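Everything on this sheet refers to the single structure shown next.
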Amino acid sequence: MAELDTSKWNVLYPNYINSKKTVPEGRRIGLEKGVEHPRPQEMAEVCEFLKIPHVLEMGKSYPRDWMPDGRVRVLLKTPEGKVTHPEIHTKKALMLKMGELIPKLTSRANGPLPPAIPGLELLGPQAASAAPSAAASAEGAPQGREARKEAKRAENKANKKKK
């Protein structure tokens, strides 16, 4: 069988249906019809369920938000103009259907997955839980501006007493 030319197929990025994104960040469907942090694998799983020809491309990323990895290419109409699915004829209709079906996937039985951070799976499960705290300041350090000022005053006072 000859290799299919997927370069003309429609491209769907996870940002298009992510309910946590704004329209300027790339969301293309309504907030209430979107999905929290969709993954390209889940989008491909929905296409598989709907029997829509698709290709999962994991090395690609959305230009406006390049951290999440992956996209799905789908064939909604053949080059001859025939539709590939009896109900879904447009990209928007497919995005709405994905927004409806992704929350029902068995992989989402325990609720939405956190956003994927590339490279964390290489570090192990403890790194994934430590990642959010790495961005925050050191443990035990004052958090607010007033608290930092107060800590600085106390430090200066302690230094004066030593002299």
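Under my numbering, read the sequence shown as residues 122 to 284, first letter to last.
C-beta: ideal position from N, C-alpha, C; glycine also.
Note that the coordinates shown come from a computational prediction; the quantities given were computed from them, not determined experimentally.
Quick one: measure Cβ to Cβ for H175 and V193, integer angstroms, because I've assumed they're closer than 8 angstroms.
That pair is a contact at about 5 angstroms.
CB-CB under 7 angstroms to K154, same chain, minus the five flanking residues each way: which ones, in chain order?
Cβ neighbours of K154 beyond the five flanking positions: L217 and G220.
Can you check which of these residues, P184, A230, A268 and R274, is closest to E146 by C-alpha distance?
Residue P184 is the option with its Cα nearest to E146.
What residues are listed by DSSP as bridge partners for E178?
DSSP output for E178 lists R192 as bridge partner(s).
Rounded to whole angstroms, what is the Cα-Cα separation between P161 and L177?
Rounded to the nearest angstrom, the two C-alpha atoms are 7 angstroms apart.
Measure how close the beta-carbons of L222 and F170 come, nearest whole angstrom, since I'm counting them as under 8 angstroms.
Rounded to whole angstroms, the Cβ separation of L222 and F170 is 7 angstroms, and the two are in contact under 8 angstroms.
Alpha carbon to alpha carbon, what distance is there between V195 and N131?
Taking the straight line from one Cα to the other gives about 5 angstroms.
On the DSSP bridge list, what partners appear for L133?
Looking at the DSSP assignment, L133 forms a beta bridge with V193.
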